[in-house]
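The sequence shown runs 33 to 175 under our numbering.
Every residue gets a Cβ at the ideal spot worked out from N, C-alpha and C, and that includes glycine.
Structure first, then comments.
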Amino acid sequence: MSPTERSPVLKGIDPVLDGDVLRALDRLGHSDRLIVADAHFPAYRLVDHVITLAVDVPRAVRAVCSVIDLDTVDAAVMMDSGAPLLDVQREILEAGALSEADASFVGRAEFYELAARAQVVLRTLEPRTWANVILSKGVTPTA
Numbered sequence: 033m034s035p036t037e038r039s040p041v042l043k044g045i046d047p048v049l050d051g052d053v054l055r056a057l058d059r060l061g062h063s064d065r066l067i068v069a070d071a072h073f074p075a076y077r078l079v080d081h082v083i084t085l086a087v088d089v090p091r092a093v094r095a096v097c098s099v100i101d102l103d104t105v106d107a108a109v110m111m112d113s114g115a116p117l118l119d120v121q122r123e124i125l126e127a128g129a130l131s132e133a134d135a136s137f138v139g140r141a142e143f144y145e146l147a148a149r150a151q152v153v154l155r156t157l158e159p160r161t162w163a164n165v166i167l168s169k170g171v172t173p174t175a
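See the structure below:
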């Protein structure tokens with residue numbers, strides 16, 4: 033059964049976020065980075081902690097952002113495709129409630145350098161290219 037078919041067992045928690053993902057997110061501190069990657073991303077070459085999700089990147093980003101706040105500086109880093117904002121990139125930003133101004137767009141080499149410093153990769157089944165995003169965890173405000 034895929035994460036999207038699974039019945040939620042925790043109230044208010046997106047079913048995409050299983051125990052492994054929640055544990056990984058809980059271990060992130062302020063400004064720590066996680067990657068939500070497409071199926072083509074060389075996750076195991078760059079980062080030791082890889083979790084596979086059976087959803088696309090926008091869906092994974094929406095789930096992640098339902099439980100953590102993103103940093104106000106460098107909230108998202110994406111690869112610059114050399115073209116105007118691609119549909120998949122727009123979908124990713126919308127899923128994270130981000131605007132194009134909230135994201136940094138960098139070349140492939142710089143993206144991989146930044147990615148190698150991430151704490152975890154959430155590797156998805158996303159077939160579209162240019163669908164990788166590095167998210168920086170922010171501070172969760174106290175109630």
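Apart from the five residues on each side of it in sequence, which residues of its chain come closer than 7 Å, Cβ to Cβ, to residue 162?
-> 111, 113, 118, 120, 121
Using the Cα positions of residue 90 and residue 48, report the straight-line distance between them to the nearest angstrom.
-> 12 Å
Please say whether residue 165 and residue 82 have beta carbons closer to each other than 8 Å?
-> no
Please classify residue 67: does DSSP put it in a helix, a strand, or coil?
-> strand
Is it right to say residue 128 is buried, meaning 16 or more other beta carbons lie within 10 angstroms of its own, or is it exposed?
-> buried
Use the C-beta contact count for residue 131: other C-beta atoms within 10 angstroms, 16 or more gives buried, fewer gives exposed.
-> exposed
What are the boundary residues of the beta strand (DSSP E) that includes residue 45?
-> Looking at the DSSP string, residue 45 is not in any beta strand (DSSP E), and its letter there is neither H nor E.
Starting from residue 100 and walking both ways along the alpha helix (DSSP H), at which residues does that stretch end?
-> Note, residue 100: premise wrong, no alpha helix (DSSP H); not H, not E.
Please confirm whether residue 147 and residue 78 have their CB atoms less than 8 Å apart.
-> yes
Give the range of the beta strand (DSSP E) segment to which residue 135 is assigned.
-> 135-138
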